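Position 45 of the sequence shown, counted from 1, bears residue number 101 in my numbering, the numbering being contiguous throughout.
Think of the CB as a built atom: it goes at the ideal place given N, C-alpha and C, for glycine as much as any other residue.
These numbers come from a predicted model, not from an experiment.
So the structure is just underneath, and the comments pick up after that.
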Amino acid sequence: MYQREVLGLSEARAAVEAALSEAYKQPDRAMSIAVVDDRGDLVCCARMDGAYPLYMHMAINKAYTAARMLKDTAAFAKRERELGRELTTWGDSKFTFVKGGQCIIRPGEGYIPGSTSKGTVLGGIGASGRSAEEDETIALAGLKAIKL
């Protein structure tokens with residue numbers, strides 16, 4: 057029988073709260089944050105008041121992509137473009153090439169396919185509602201709060 061580490065609600069909430077704290081430095085620019093587990097299933101999310109509904113959809117897709125592809129969405133996009141692939145290659149309509157999705161990895165032992173790093177993939181965090189670079193910065197703030 058296999059046992060695996062899973063991302064808990066307390067870690068996901070801490071990530072969402074930290075990302076929101078960073079986002080609220082500009083409260084007039086509403087956005088959404090989502091955290092998924094290693095399978096891409098939603099664990100926790102939040103939408104700032106006034107955020108456009110598409111932002112939540114994109115935050116979830118960014119987190120999902122990072123978790124399922126075992127890397128941040130920017131790195132995933134870069135690699136796929138270098139290989140001449142499109143998103144449709146994967147047959148998963150939730151995948152995105154848009155920055156703002158970060159893979160949550162606990163460093164340590166464990167094989168991460170396609171990576172030279174070792175560790176355990178626990179999930180992903182996605183932020184959406186601002187520029188791609190700002191979304192990435194806010195997702196990273198959430199990632200740091202998990203303290204892996």
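Cβ of L110 within 9 Å of Cβ of S184?
yes
Separation of G198 from A107, as counted between CA atoms
18 Å
Does DSSP put T152 in a helix, in a strand, or in coil?
The DSSP-derived three-state label of T152 is coil.
Cβ-based burial, G182 [other Cβ within 10 Å; buried from 16]
buried
Helix or strand or just coil, what does DSSP make of I160?
strand
Considering only the alpha carbon of each residue, which of A68, K203, F151, I202 lies closest to D93?
A68
Integer Cβ distance of K155 from A130, believed to fall under 8 Å
5 Å
Near A79, which residues of its chain fall below 7 Å by C-beta distance, leaving aside the five closest residues on each side in sequence?
M87, M104, I194
Sorted by chain position, which residues of the same chain lie with C-beta nearer than 7 Å to L196's C-beta, five sequence neighbours on each side aside?
Q158
How about A119 and A90: are their beta carbons less than 9 Å apart?
yes
Using a 10 Å radius around the Cβ and a threshold of 16 neighbouring Cβ atoms, would you call R135 buried or exposed?
exposed
Please name the residue, chosen from D84, Y58, D128, R85, that lies closest to G179 on a Cα-to-Cα basis.
D128
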